[in-house]
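Below you'll find the structure, written out as C-alpha cells, and then a few comments.
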Amino acid sequence: MAYSDKVIDHYSNPKNVGTLDKASKSVGTGLVGAPECGDVMRLQIQVDEATGIITDAKFKTFGCGSAIASSSLATEWLKGKSVDEAVKIDNMDLVEELNLPPVKIHCSVLAEDAIKSAINDYRVKNGLAELVFEEKGVH
Amino acid sequence: MLKLPIYLDHNATTPMDPRVLEAMIPYFTENFGNAASRNHSFGWHAEEAVDYAREQVAKLIGADPKEIIFTSGATEGDNLAIKGVYEMYASKGNHIITCTTEHKAVLDTCKHLEKAGAEVTYLEVQPDGLIDLKELEAAMRPTTILVAIMYANNEIGVIQPVKEIAAIAKKHGALFFTDGVQAVGKIPVDVIADGIDIMAFTAHKMYGPKGVGALYVRRKNPRVKVTAQMDGGGHERGMRSGTLNVPGIVGFGKAAEIARTDMEVDTARISKLRDKLENALKQIDESYVNGNPAHRLPHVSNISFKYVEGEGLMMGFNKDIALSSGSACTSASLEPSYVLKALGLGDDLAHSSLRFGLGRYTTEEQIDFTIKAVSETVLKLREMSPLWEMFKEGVDIDAIQWAHH
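Heads up: the protein sequence lines correspond to chains A and B, in order. Going by the numbering used here, the first sequence wraps up at 143, each residue one higher than the last. Going by the numbering used here, the second sequence wraps up at 399, each residue one higher than the last.
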C-alpha cells in the first residue's frame, strides 16, 4: 500500500518527538493502544496554568507510518490551542489532512484518544472532573 | 553501481532466470501445439517438450517422470493432494494430521474438509518452529489416512524432520504429503530418500514462471492415487484435467534443471550472505532470530526487533528494499503473523518482525546496504518508541494494563 506524501513527510521528519515530565502538574499524559495490537501512542501536553493554553506537545509512538504521522500531526495541532479547543480535535480531520486509507483510520482514532486521555490526565491532576467521551468505535 | 530497489522477498516469488525465458519463448509462437493433439506434428512437438520438462522436474526431486502431475501452482497442488487423498481413501478413514504453521492453502483445505466430515489434528510447533515427533506419533490413529506437514516454512524457513515424519506415517499406514514449495530447488529434496508419498511445489519460487506447478504422486511402495478435483479430458493420468500450459511447463523444466546444476554453488554463496546479514542485525540490542537456526533454509532470516513495529520499520526503507513483515497492520484484522504466534512469540514480537529472503541475484553490496538501512531505521524508530523508553527505564511492559481494542 502506498502512503500519502504527508504521511511520508511526518514519518521521515516527525515533529515533536520526545518526553515531558509526567510528574509535573502542568503536564498531561495520554498512553493509549496496546503492543499486541501493534500500536502504542504516548502523547503529552504542557499547559500554561494561567491561560489554559497548550504551550508544548510531545509524542512517542510504536506503530506503523500512519500511526507515527497521526501523532506527529496531532502534536502540531495541539500547540497554541487552549485545552477546551484541543478537546474538539476530531480523528476525521487527521484522516483528511493525511489522506489515510480506510484500513488506517484506527491510527487517527488512537491519536484522538491519546489527546483526550492527555487532557483528562491534566484535568485530574488539577482537581477537575474527567471528561466523558463517546466511544469512537473499533480501532 | 548499486541498483535500487533491492529485492529480498524471494519466499514470495523469484525473478525468472533469463535462461528460463529463452527456453519458453518458442512455445508461445511457432511451437504452440496442444500436447494432447496426437495426430499432427504441432501436438507431437508440444508433447515432446512437455515430456522433456517432466524429466527435468522429476530429476530435481529424484522421482520418475511418470510421477509428476503438472498443475497451475502449489495452491492447486495442496488442494488436489489433500482433497484427492481424502476422497480416494475414504474407506480407510477420515483423519488428517497437519500443523499450525502450514500455508493457508493447506490449512484452509483441511478446514474445508472438516465441514465435509474429516477429522483434523493440528499439531502445535515447538518454540523453534519444528513439530514434536512424539506428538505426531501420539496423534496417529487407525483412521489416519494422511499426514500433511510442510518441508520448509515460508515465513521462518525452518525445515521439518521430513524423513522421521515419513517413517511415522508409514509405520501407521498413512500417506505422507508435504508442501515442498519453499524447499524444492533450494535444498536437496529426494522423494525416495525422504519417504515422501505426495509433494506439491511450484516453478515461480525457483526462478521459473508463475502459473505452473507440479504434484509428485508416488507410483510404487505404495502406489498412490488422488481423486481428480476437476472434471475434463483426463490429462495427467486422469488426476488433473486441462490443456497443459506448454510454455510454462517448458520454463518449469528449465528452472528445475538450473536449480539442480547450480544448487551447490548458489547455496554456498547465498547462505554466506544470509549469515552476514543476520550476524550484523543480531548485534542490535533486543533483536531475536526466529526459528531453529540449525534446521533452516539457507536463504531465509526472520528477525524480530523488539519495541519497533514491523510495518513502521519497513516504511523507513521500503522505497529501496523490498521485504516482508510479520506485522499485519495493513490488513483490517490487525492480527500479526499466525506462524510467529504459533512459535509462542508474543504479539509484540510478532508485530516487530521482518523476513529477509535472499536469492540467486542477491549481491554482497545489496546486503551491506540492507544492514545499514535496517540498523539505522531500527535505532531511529526506537528513539520514537514509548515502549523502548519504558524498557530502558526498567518498566515491565507486560505488567501494564493496556486498553485492548
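Just so it is clear, CB atoms sit at the ideal spot from N, CA and C, and this is done for glycine as well.
Is residue i helix, strand or coil by DSSP?
i                 : result
Cys93 of chain B  : strand
Arg376 of chain B : helix
Pro105 of chain A : coil
Met45 of chain A  : strand
Ile153 of chain B : strand
Asn25 of chain B  : coil
Ala142 of chain B : strand
Ala38 of chain A  : strand
Lys86 of chain B  : coil
His143 of chain A : Confidence is the limiting factor: at His143 of chain A the pLDDT is only 48, short of 50, which leaves the residue's position unreliable and the question unanswerable from this model.
Phe363 of chain B : helix
Glu113 of chain B : strand
Tyr15 of chain A  : helix
Val91 of chain A  : coil
Val60 of chain A  : According to the sequence shown, residue 60 of chain A is Asp rather than Val. In the structure shown, Asp60 of chain A sits in a strand (DSSP, three-state: E or B).
Tyr355 of chain B : coil
Phe137 of chain A : coil
Thr371 of chain B : helix
Ser325 of chain B : For Ser325 of chain B, the predicted structure reports a pLDDT of 47, less than 50, and the residue's modelled location is therefore unreliable. A value from the coordinates is still provided. Ser325 of chain B falls in the coil class under three-state DSSP.
Arg13 of chain B  : helix
Ser86 of chain A  : strand
Gly69 of chain A  : helix
Could you tell me the alpha carbon to alpha carbon distance between residue i and residue j, rounded to whole angstroms?
i                 : j                  : result
Trp81 of chain A  : Asp117 of chain A  : 15 angstroms
Gln154 of chain B : Leu124 of chain B  : 6 angstroms
Glu400 of chain B : Met144 of chain B  : Residue 400 of chain B is absent from the model: chain B starts at -5 and stops at 399.
Ile252 of chain B : Gly227 of chain B  : 32 angstroms
Gly84 of chain A  : Leu(-2) of chain B : 42 angstroms
Ser66 of chain B  : Pro241 of chain B  : 12 angstroms
Tyr282 of chain B : Ser295 of chain B  : 10 angstroms
Gly179 of chain B : His293 of chain B  : 12 angstroms
Leu381 of chain B : Ala393 of chain B  : 12 angstroms
Asp362 of chain B : Lys92 of chain A   : 48 angstroms
Glu134 of chain A : Gly34 of chain A   : 13 angstroms
Ile76 of chain B  : Leu271 of chain B  : 37 angstroms
Leu77 of chain A  : Ala168 of chain B  : 60 angstroms
Ala326 of chain B : Asn124 of chain A  : Note on Ala326 of chain B: pLDDT 47, under 50, position unreliable in the model; no value is reported.
Ser74 of chain A  : Ile365 of chain B  : 28 angstroms
His229 of chain B : Lys98 of chain B   : 27 angstroms
Asp269 of chain B : Gly353 of chain B  : 13 angstroms
Asp55 of chain A  : Ile49 of chain A   : According to the sequence shown, residue 55 of chain A is Thr rather than Asp. If I take the Cα positions, the gap works out to 14 angstroms.
Met10 of chain B  : Gly245 of chain B  : 9 angstroms
Cys93 of chain B  : Val11 of chain A   : 40 angstroms
Gly304 of chain B : Gly232 of chain B  : 46 angstroms
Thr324 of chain B : Phe22 of chain B   : Residue confidence is low: Thr324 of chain B scores 45 on pLDDT, short of 50, so the model does not pin down where it sits. Its coordinate-derived value is still stated next. Each residue's Cα considered, the two are about 38 angstroms apart.
Take residue i and list the residues in its own chain whose beta-carbon comes closer than 8 angstroms to its own, dropping the five residues that flank it on each side.
i                 : result
Ile162 of chain B : Leu127, Leu130, Glu131, Met134 and Val141
Asp94 of chain A  : Glu116
Asn17 of chain A  : none
Met96 of chain A  : Ser112
Ala367 of chain B : Gly310, Phe311, Asp314 and Ile315
Ala122 of chain A : Gly32, Thr33, Gly34, Leu47, Gln48 and Ile49
Gly37 of chain B  : Gly27, Asn28, Ala29, Ala30 and Ser31
Please work out which residues of its chain come closer than 7 angstroms, Cβ to Cβ, to residue i, disregarding the five sequence neighbours upstream and downstream, and give them in chain order.
i                 : result
Glu166 of chain B : At residue 166 of chain B the sequence reads His, which differs from the Glu that was named. Cβ neighbours of His166 of chain B beyond the five flanking positions: Met134 and Thr138.
Pro20 of chain B  : none
Lys60 of chain B  : Arg213
Thr237 of chain B : Asn28 and Ala30
Gly189 of chain B : Lys157, Ala160, Ala161, Lys164 and Phe170
Val44 of chain B  : Ala29, Leu238, Val240 and Ile243
Asn5 of chain B   : Asn148, Gln176, Val294, Arg349 and Gly351
Gly22 of chain A  : Lys62
Lys19 of chain A  : Ser76, Thr79 and Glu80
Asp58 of chain B  : Ala52 and Arg213
Throw me the rounded Cβ distance for the residue i and residue j pair, which I believe falls under 8 angstroms.
i                 : j                 : result
Met82 of chain B  : Thr221 of chain B : 5 angstroms
Pro203 of chain B : Leu337 of chain B : Wrong, their Cβ atoms sit about 33 angstroms apart, outside the cutoff.
Asn275 of chain B : Thr371 of chain B : Note that residue 275 of chain B corresponds to Leu in the displayed sequence, not to Asn. At roughly 11 angstroms, the Cβ-Cβ gap does not stay under 8 angstroms, so Leu275 of chain B and Thr371 of chain B are not in contact.
Glu113 of chain B : Asn73 of chain B  : Not really, about 19 angstroms apart at Cβ, beyond 8 angstroms.
Arg376 of chain B : Tyr301 of chain B : 6 angstroms
Val183 of chain B : Ile55 of chain B  : 5 angstroms
Pro39 of chain A  : Ile391 of chain B : 7 angstroms
Ile72 of chain A  : His14 of chain A  : 7 angstroms
Tyr201 of chain B : Ile62 of chain B  : With 8 angstroms as the limit, Tyr201 of chain B and Ile62 of chain B do not qualify as a contact, their Cβ atoms being about 18 angstroms apart.
Beta-carbon within less than 6 angstroms of residue i's beta-carbon, same chain only, minus the 5 sequence neighbours each way: which residues are those?
i                 : result
Lys29 of chain A  : Lys129
Thr196 of chain B : Gly67, Ala68, Val175 and Gly207
Gln360 of chain B : Ile0
His39 of chain B  : Asn25 and Gly27
| Unbroken stretches of the beta strand (DSSP E), 3 residues or longer, contained in the stretch 47 to 74 of chain B | 62 to 65
| query | Which runs of the beta strand (DSSP E) spanning at least 3 residues fall entirely within the stretch 179 to 228 of chain B, listed in chain order? | reply | 192 to 196 and 207 to 211
| At what residue ranges does the stretch 236 to 315 of chain B contain a whole run of the alpha helix (DSSP H), taking only runs of 4 or more? | 240 to 275 and 304 to 309
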